[in-house]
Ligand SMILES: Nc1ncnc2c1ncn2[C@@H]1O[C@H](COP(=O)(O)OP(=O)(O)OP(=O)(O)O)[C@@H](O)[C@H]1O
Ligand SMILES: [Mg+2]
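In the working numbering, the protein residues as written are 299 to 629.
This is the structure we're talking about:
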């Protein structure tokens with residue numbers, strides 16, 4: 299196993315605010331790590347340390363085999379970074395922005411122009427290439443940002459909340475683009491507050507809360523920590539709830555719970571689909587009418603709630619009035 303990113307005991311405080319409390323992170327080459335956590339959990343701080351933009355107070359880290367403190371230039375030569383806040387220049391066109399980045403990467407004028415055209419095309423920005431980016435939508439800006447971070451053909455890519463503030467369609471588009479990069483073998487560390495995003499893109503997930511790693515594993519491992527599948531049965535008559543629970547208990551992996559008011563029985567199960575068949579048969583034999591039956595798999599939202607005791611926060615696009623720290627939707 300070759301590690302593209304390895305960090306041990308990273309800690310960082312801003313005054314008396316502890317942003318990172320000694321975290322370990324390992325990302326195998328060619329894989330995607332999702333760094334998941336609510337606002338202020340330390341995601342950006344981690345990315346900035348790994349991308350050599352910020353020094354940790356203690357701990358060590360290497361990226362692409364290079365130490366972030368003693369070999370920052372080497373680290374920079376192998377990474378790309380799409381920051382949480384757009385790095386592109388408002389007053390230039392999309393093409394000019396990319397050419398500028400190319401020149402910063404010491405490409406010749408010709409090569410910078412060629413690479414810009416390639417990337418504009420790849421990210422579906424050709425039509426808008428020669429317009430000032432002030433007129434770009436949020437999704438276009440994010441794509442341009444990502445394009446800019448790919449100028450130097452990085453092996454390791456840091457994406458800090460790549461889809462925050464995007465509408466669902468642009469988010470899907472961004473996911474497709476990221477999936478292509480992953481398929482090409484780029485190692486990716488992406489931060490997100492969106493559990494479905496981590497679920498969709500990441501091989502492994504590290505959950506941060508208040509600067510600590512509170513869980514790590516694959517999405518499935520995390521989900522099974524919260525408990526496995528549950529079957530939810532709604533019966534026609536409230537009077538049948540307790541009886542139904544007794545009858546189907548033999549198919550469960552833990553005691554059933556009931557909610558009389560909504561005529562519902564919840565049964566934790568090991569093999570979800572077999573259990574459904576058995577339950578339907580058993581209730582039918584006993585003349586209990588079923589109004590609805592469904593298999594519920596835990597989502598990463600359930601995981602987050604059970605780990606942190608609080609749900610992830612509401613999408614800021616849906617709730618712009620929350621006044622989050624210095625963040626605005628990019629649209
Ligand atoms: N420059 C700074 N000065 C003071 N405190 C800071 C600074 N940068 C970050 N912090 C604090 O450090 C903690 C971690 O911040 P960080 O930006 O890493 O979190 P995050 O997980 O990226 O959050 P978000 O989801 O809002 O982007 C927070 O409590 C934050 O307020
Ligand atoms: Mg952040």
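Glycine included, C-beta positions come from ideal geometry on N, C-alpha and C.
Per DSSP, cross-strand counterpart(s) of residue i
i	result
residue 360	304, 365
residue 555	564
residue 319	309
residue 519	Answer is none; residue 519 lacks a bridge partner.
residue 536	Its beta-bridge partners do not exist; DSSP assigns none.
residue 503	332, 515
residue 588	533
residue 488	332, 457
residue 325	303
Supposed close pair residue i, residue j - CB separation, criterion 8 angstroms
i	j	result
residue 556	residue 563	5 angstroms
residue 601	residue 523	7 angstroms
residue 386	residue 488	Contact doesn't hold; Cβ gap of about 19 angstroms is too wide.
residue 347	residue 324	That belief does not hold up - the Cβ atoms of residue 347 and residue 324 are roughly 15 angstroms apart, past 8 angstroms.
residue 592	residue 530	5 angstroms
residue 479	residue 455	7 angstroms
residue 453	residue 362	6 angstroms
residue 288	residue 449	This structure cannot settle anything about residue 288, because the visible part of the chain is limited to 299 through 629.
residue 377	residue 349	6 angstroms
residue 490	residue 459	6 angstroms
residue 512	residue 606	7 angstroms
residue 326	residue 301	6 angstroms
residue 379	residue 447	6 angstroms
DSSP three-state assignment for residue i, whether helix, strand or coil
i	result
residue 314	coil
residue 576	helix
residue 430	strand
residue 632	Here the chain has residues from 299 to 629 only, and residue 632 is not among them.
residue 514	strand
residue 603	helix
residue 661	It is not possible to answer for residue 661, since the shown part of the chain is limited to 299 through 629.
residue 376	helix
residue 260	As displayed, the chain neither begins before 299 nor continues past 629, which places residue 260 out of reach and without an answer.
residue 546	helix
residue 495	helix
residue 458	strand
residue 528	strand
residue 371	helix
residue 665	Summary: the structure shown does not reach residue 665, with the chain confined to residues 299 through 629, and so no result is reported for it.
residue 594	strand
residue 612	Note on residue 612: pLDDT 42, under 50, position unreliable in the model; no value is reported.
residue 570	helix
residue 264	Because the chain spans 299 through 629 in this model, residue 264 falls outside it and cannot be assessed.
residue 582	helix
residue 381	coil
residue 509	coil
Residue i beta carbon near ligand 4 (any heavy atom closer than 8 angstroms)
i	result
residue 353	No copy of ligand 4 occurs in the structure displayed; its ligands are ligand 1 and ligand 2 alone.
Below-9 angstroms beta-carbon distance, residue i vs any chain C residue
i	result
residue 605	The question asks about chain C, but that chain is absent: this structure has only one protein chain.
Could you check whether the region 334 to 354 touches the region 387 to 403, counting it as contact only if at least three pairs of C-beta atoms, one from each stretch, sit closer than 8 angstroms? Taking 8 angstroms as the limit for Cβ pairs, the verdict is that the region 387 to 403 does not touch the region 334 to 354.
With three or more C-beta pairs closer than 8 angstroms as the rule, is the region 562 to 578 touching the region 541 to 553? As far as the Cβ criterion goes, the region 541 to 553 touches the region 562 to 578, which means the pair count is three or higher.
Pick out the complete alpha helix (DSSP H) segments inside the region 389 to 424, 4 residues or longer, and give them in chain order. Contiguous alpha helix (DSSP H) elements confined to the region 389 to 424 occur at 392 to 402, 407 to 420, taking only those with 4 or more residues.
How do the region 491 to 510 and the region 528 to 539 stand: do at least 3 beta-carbon pairs fall below 8 angstroms, yes or no? No, they do not touch.
At 4 residues or longer, what runs of the alpha helix (DSSP H) sit wholly inside the region 329 to 356? Complete alpha helix (DSSP H) runs here, min 4: 341 to 348.
Pairs of beta-carbons, one from the region 303 to 316 and one from the region 353 to 364, closer than 8 angstroms: are there three or more? Per the Cβ contact rule, the region 303 to 316 is in contact with the region 353 to 364 (3 or more Cβ pairs under 8 angstroms).
Would you be able to state if there are at least three C-beta pairs under 8 angstroms between the region 430 to 439 and the region 461 to 479? At 8 angstroms Cβ cutoff, the stretches touch.
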